[in-house]
Structures are given as structure tokens and as C-alpha cells.
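Note that the protein sequences, when read in sequence, are chains R and Y. Using our numbering, the first residue of the first sequence is number -10, and each one after it goes up by one. Using our numbering, the first residue of the second sequence is number 2, and each one after it goes up by one.
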Amino acid sequence: MSPGVPQLIIILVYLSLLLMLGLFSSRLFRGTREDYQVASGSIGPFLLLMSMFGTTMTAFALVGSSGEAFREGIGVYGMLASSSGIIHSLCFFLIGVKVWKFARRNGYTTQIEFFRDRLDSDFIGLLLFPVLVGLVVPYLLIGVISGGAVIQAMTAGLAPNIEMFEVLKPDQTIDRALSGGVPPALGSLLICVVVLIYVFFGGMRGTTWANTFQTLVFMILGIITFYVIAGKLGGQDSLWENMRTLSEALPEEKSTRADMSKTKFFTYLLVPLSVGMFPHLFQHWMTAKNANTFKLPVVAHPIFIMIVWVPCVLVGVWAVAAYGSPELRPPGPPLPSNANTILPFLVKTQTGQVLGGFLAAGILAAIMSSLDSQFLCIGTIFSNDVVTHYLGKERVSDRQQVLLTRLFIIAIVAVTYLLSLGNLRSVFALGVWCFSGFSALFPIVVAALYWRGLTAAGAISGVFGAIISWCILFYHGTKVPLSEGGLSEFVLHLPIGGESYEIMPVVAMVASSLFTMVLVSWVTPKPKPETLAKFFT
Amino acid sequence: MILHQDNWFWTDDTLVFGFMPIGLFWHACLSIAASVTWFLATKIAWPIDDETVKQLAVSPSEPDHAARHESPSEVS
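Here's what the structure looks like:
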């Protein structure tokens, strides 16, 4: 069989299964807006756990984790993963459960509905709408572009001749690792169409089912991939011997955090706070059958992160050991220069085409399990917070709201796809900046839930504090030369006692939002007693 | 937070079980410890009492709420 064919067949079978699942779930659709947007609040603990985990884990969990471990060593697990395990569950516990309670009592579906009611302000909705959509769109683009790139890399060599779908390297020679694969524009289109169909027909129920299926797929395939690669890399007789040999050959800077800044590691803890303000996660919270449904996701989330990340981090650092030592170096081509292609490279060189196809399906699963929720969420925000809110609920029937949500989903999928066709490779550097932007809004949601003194003016000022600090820091980030890592490597330097400490820009954003919000809330009129009574009794 | 900032293992290259760098092993254990902590939190400090859970199972703001929760087609 020619190269790329088994991978393409597995990818197509996987996408067909997803479509069937989405279409089947649509048979349970009850025709109401609430059912379409939040599955009528009928989701139980297991489905909530899987859908929330799938939504928060992107392709980065599989591909980026091994790539980052290859570059930075084992420290990336503590910085990116164990911190997320702690903070994500904290957000589900402190914010998710409480927000769910108010939403169930007052009938909210989106964050904006909650904030408008809590702060008794229409303007907060108008302000949050572009901010939330603006922060989600780059996140969507990363998923759509990654999906196309994965399909192309995994089906390379599929075309009957090398000139067809050829890809050139910067030095104008043919890149054989990518040439002949399904073109990225076509791969991205395929991903968009599949996600669109199951979200369009299945709504939140279809999305939750698909997320659960996809989360199971990428978790299981991640473990299988680890087992097969670890069994081969190192060249010893057994898996155990391979693991010992590879770890003993690790350079010190990869097996420790000798090269990692302690203050950067510490301040990175603020980045996972972003899940407290993800609009798509908020909508998933609204699907919970009851408050106790949250218990399983709160408890199991850190363990699930460990199950996915630890094997990927080990594979990433072992690649350094295997290819850095002449005795252990496997036969075949040298390692690629792009760290993010380490895992696909190892799968291609150390395993067969079939596992390559399955891994591609696993990576696509991780990508699509975030994309679907985001598309549905943006469609819901447009429908509920813009059209229905300003036209008046009495003038838009339930069925019309479902139709509007579906039409907006089509529109946002089309816009995202068209944007992805531009030369937007730099959008990947925006990932951590999007997360930081959501983290900067975190103090506002916490105050809305726990502080009676929060005023509308205070919250609005806090949002402006977040936006302005984000823009200023982003501007400075764009000044970092690409040779020094560019936007994604931008850090602040805090001088204390003659020493300079690296801190993540998110610290300044959160501080700016927090101080502005508290200060303005103190000096502006307090909320009406009847408004407070709805939330603090 | 203190356990997460494990400065004591920062430059330690000991291999646990002969293959797991101790910095990674510590944080994997921390993930398990986080789950245990959250398990205890759900038992001891769950933010919604059983009375409110029951009350919200039939929300007054949604007329079809009661019917919805009796529907046989509920998932999971």
C-alpha cells in the first residue's frame, strides 16, 4: 500500500464515526433552545468529566507537550500540567459550582447573561462580548490550522507523484516529510465540515457525546503510542531496560530544571486560571444535571492530566537521549528541527503506518474536542447576548433561537476557515496570550461570586484594566526578535536586591485588572439591595 | 503552592525506579495528591448543601424543568 493511504483511511473512518455519533445524538433533540445550547441540563458526572477535560486539552497536550519537553526538559510537566491539574479543579470547585447554581436558578446559558444580571448593567455585556469572542477566535484558528497540518504530515507521500501537492523548504528544496500529503486547506476544511455537522445537528448533546468519545480516543492512543515508542527507542531487549537506558543517558538540563527560571515557573501558575473565564467551559458547566455532578470532574481532572502528560513528556526527553548519544541513536533520518513535530516524527520512524494513522486520529480528537465547544459557544453568544437580548425575548421564539444559534455556528465556522487560509503561522504564538487574557478577567468572575462590594463600574474598569495591560504587554512582546523566541518567549523582568527575576506577563495583567476593579468598586455606588439579594442569600 | 514550587528537587537528577527523573515523579505525585485533596474537599467543604441541590433540581425559573428531569432520554 502506498505511503499515507492507511493513515488517510483511519482518519476518514474516525471522522465518519464522529459524524454518526453527532447525527445519532440529534435524534434525542427536544427542539428547545435550552436543549440545543445546554442539553437541558441533563449531563451526568462521567460525560461532564470527559467533555470538560476534552475541552481544556488541545492538540498541545499530545504534540506540544512532547515538543516542549524535548526543548525544555522534564520541568514542563510542573509548569504546564501539574499546575493545571490543581488550578483547573480549583476553578470548577470555586466558580463552576456556584455559577451553575445561579444559572440554574435564574436561567442563564452564557457568561454575559450572568454578568449583566449580577451587575445590573447592559454595558458589561457589550464590553465582554468582543473581548471574549476576540480571545476565542485565535484559539479556534490554532485548532483549525493544526488540524490541516496534522492531516498533511500524516498522509505525506499519498499523492501519485512528488510534484503533486509538493511542499518546499525555505531553501527551495522539496520537503519530503510533507510533500504529497492532503493539502492543509483541504484538511482544515474537512475538520471544519465534520465539526460543523455534528455541532449543527447535535447541539450541546452531540458536542458532549463527541467530546467524550474523542477524549477516550486521545487518552488511549496516547498510552499506546508511549508503550510502542518506549519499547523501541533505546534498542534494548525490554521496555523496562529501554526506559532505564534512555533515562540514564539524559543530559542534566533535561532531567532537571537547571535551565528553568524558578520565578517564571512560579508565576506560570496564574495562566491556568484562564479556565475560570473560558466561555465555552462556562457553557459546559451549565449542562450539569445537578451540583453534585461536578464532584467527579473536580476529583479526576488532575489524574487525567497526569495520564496524558507524563508519557508525552517522557517520550520528549527520551528523544533527546536517544538521538544525542551515538550508542543509542536509532537508524534512519535525523530529528526534525521543529520540536513540535517530535512525536509525529517518532511515530513515523519507530512505528508503522497503522499506528501513525491512529495517532493522527488521536491528535485530531484532541483538536476537535476543543473546537466543537468553541463553535457552539460563539453561536450561542451571538444568538442569546446580541440578537435575542436586543430584539427582546418575547419577539424571538424558542425555535427561532435554535435556528439563530445554528446560523451563527455556520457563520463562525466559515469565518474561522477563511481566516485560517491566510498566512497565519504566527497565530500559534498567541496561544499563551489568549490564556493570559482570560486569566486577567479571572478576578472579575471571582468578585462577582464572592464580593458583595463589586460594582458595575468596578467590573467594567477591571475589564478595561485587563484589556489595556494585555495590549501594552502584547506590543512589547512583538518587539522580541524571532531569534530570541519572539512573542511566545516574552517575559517581564522584576529587579529585586540587585537581581533580576523573570515573571510571566500574566502577573501584570491580573494585577492590573484586580487593582482597578477593587479601587473603582470602593469609590462607586454599591449595587441595589434587590440585585444583591439574588446572589447573596 | 509550596509543594508545587519544589526548589529542593530543582537540580536533583535522581532517577526514581531507575527511569523516572525525580522532578517529574514529584509533580506526578502532586497530581495524585491534588485529586485526593479535591476528593476530601468534595466531602468536607462542598459549596452547595443537599437542600439547595434538591431545590435546584426543580427550578422555578424553568417551567419545563420538572418534566425534563423525569425524561427517560436523559443521558448518563
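Backbone N, C-alpha and C fix where the C-beta goes; we use that ideal spot for every residue, glycine too.
For a contact meaning CB atoms closer than 7 Å, what does residue i contact in chain R?
i	result
I49/Y	V86, K90, A280
W9/Y	Result: empty, since nearest Cβ-Cβ is about 12 Å, beyond 7 Å.
Give the interface partners of residue i over in chain Y, defined as CB-CB distance under 9 Å, in chain order.
i	result
M9/R	Here the premise fails: no neighbours, minimum Cβ distance about 17 Å.
E241/R	T12, D14
A328/R	Chain Y residues near A328/R: none, gap ~18 Å exceeds 9 Å.
F82/R	W39, A42, T43, A46, W47, P48
V302/R	L25
S510/R	Near S510/R there are no residues of chain Y at all, since even the closest Cβ is about 23 Å away, more than 9 Å.
Mind checking residue i: buried by the 16 CB within 10 Å criterion, or exposed?
i	result
H5/Y	buried
I(-1)/R	buried
Y187/R	buried
T526/R	exposed
I370/R	buried
E71/Y	Confidence is the limiting factor: at E71/Y the pLDDT is only 38, short of 50, which leaves the residue's position unreliable, though a coordinate-based value still follows. Under this definition E71/Y is an exposed residue.
K158/R	exposed
H465/R	exposed
L1/R	exposed
C460/R	exposed
P61/Y	Reliability fails at P61/Y, whose pLDDT of 41 lies under 50, so the model's placement of it is uncertain and the value that follows must be treated cautiously. The residue in question, P61/Y, is exposed, as its Cβ has fewer than 16 Cβ neighbours within 10 Å.
T144/R	buried
T256/R	buried
Y216/R	exposed
E61/R	buried
I529/R	Nothing can be reported for residue 529/R: it is not among the residues displayed for chain R, which extend from -10 to 526.
M2/Y	exposed
D65/Y	Confidence in D65/Y is poor, its pLDDT being 47 and thus under 50, which makes the residue's placement unreliable; the coordinate value appears in the next sentence. That one is exposed.
S14/R	buried
Y439/R	exposed
S177/R	buried
Are residue i and residue j touching if we call contact CB-CB under 7 Å?
i	j	result
Q339/R	I218/R	yes
L117/R	I101/R	yes
V86/R	I45/Y	no
L37/R	P286/R	yes
Y312/R	L324/R	yes
I23/Y	F40/Y	no
V297/R	M208/R	yes
I331/R	F364/R	no
M275/R	V27/R	yes
S71/R	H28/Y	yes
W307/R	L222/R	yes
L210/R	G30/R	no
S168/R	V156/R	yes
P127/R	L419/R	yes
L443/R	S510/R	yes
P261/R	H378/R	no
L25/Y	I63/R	yes
L129/R	T405/R	yes
Mind checking if residue i is an interface residue toward chain B, Cβ cutoff 7 Å exclusive?
i	result
I292/R	The structure shown has no chain B; the protein chains it does contain are R and Y.
Mind pulling the chain Y residues with CB within less than 7 Å of residue i?
i	result
R233/R	G19, F20
G74/R	S32, A35
S564/R	No answer is possible for residue 564/R: the residues shown for chain R start at -10 and end at 526.
K284/R	T43
Which chain Y residues are close to residue i, counting only those with a beta carbon under 8 Å from its beta carbon?
i	result
V299/R	L25, A29
A289/R	S36
M295/R	A29, S32, I33
S135/R	What S135/R touches in chain Y: nothing, since even the nearest Cβ is about 25 Å away.
S236/R	L16, G19, F20, M21, P22
S71/R	H5, H28, A29, L31, S32, A35
When you measure from the CB of residue i to every non-hydrogen atom of the ligand GTP, does any distance come out below 6 Å?
i	result
P261/R	Looking for the ligand GTP in the displayed structure turns up nothing, as the structure carries no ligands at all.
For the stretch 352 to 361 of chain R and the stretch 41 to 52 of chain R, state whether three or more C-beta atom pairs, one from each stretch, are separated by less than 8 Å.
With a cut-off of 8 Å on Cβ pairs, the stretch 352 to 361 of chain R is in contact with the stretch 41 to 52 of chain R, counting three or more such pairs.
Return the residues of the stretch 42 to 67 of chain R that lie within a Cβ-Cβ distance of less than 7 Å from chain Y, sorted by chain order.
So the list reads I63, G64, Y66, G67, given in the order they occur along the chain.
Closer than 7 Å, Cβ to any Cβ of chain R: which residues of the stretch 24 to 48 of chain Y, in chain order?
Residues passing the 7 Å Cβ filter: G24, L25, H28, A29, L31, S32, I33, A35, S36, W39, F40, A42, T43, P48.
Cβ contact (3+ pairs, closer than 8 Å) linking the stretch 194 to 207 of chain R and the stretch 30 to 44 of chain R
Taking 8 Å as the limit for Cβ pairs, the verdict is that the stretch 30 to 44 of chain R does touch the stretch 194 to 207 of chain R.
Can you pull out the residues from the stretch 90 to 115 of chain R whose beta carbon lies closer than 7 Å to at least one beta carbon of chain Y?
Residues passing the 7 Å Cβ filter: K90, R93, R94, N95, G96.
Interfacial residues, the stretch 243 to 257 of chain R to chain Y, with Cβ spacing under 9 Å:
Here the close residues are K243, S244, T245, R246, A247, M249, K251, F254, F255.
Do three or more CB pairs link the stretch 14 to 25 of chain Y to the stretch 231 to 248 of chain R at distances below 8 Å?
Contact holds: three or more Cβ-Cβ distances are below 8 Å.
With a cut-off of 8 Å, do at least 3 Cβ pairs link the stretch 325 to 337 of chain R to the stretch 249 to 264 of chain R?
Here the stretch 325 to 337 of chain R makes no contact with the stretch 249 to 264 of chain R; the two share fewer than three CB pairs at distances below 8 Å.
Should the stretch 478 to 485 of chain R be called in touch with the stretch 431 to 444 of chain R, which here means at least 3 C-beta pairs below 8 Å?
Short answer: they don't touch.
Does the stretch 8 to 24 of chain R touch the stretch 257 to 267 of chain R, meaning 3 or more C-beta pairs lie closer than 8 Å?
Judged by Cβ distances under 8 Å, the stretch 257 to 267 of chain R makes no contact with the stretch 8 to 24 of chain R, as fewer than three pairs qualify.
Should the stretch 445 to 463 of chain R be called in touch with the stretch 163 to 173 of chain R, which here means at least 3 C-beta pairs below 8 Å?
Flag = no, the stretch 445 to 463 of chain R and the stretch 163 to 173 of chain R do not touch.
If contact is defined by three or more beta carbon pairs under 8 Å, each pair taking one atom from either stretch, is the stretch 486 to 503 of chain R in contact with the stretch 449 to 460 of chain R?
These segments touch.
Between the stretch 381 to 401 of chain R and chain Y, which residues of the former have CB atoms less than 9 Å from a CB of the latter, in chain order?
The stretch 381 to 401 of chain R vs chain Y, Cβ under 9 Å: nothing.
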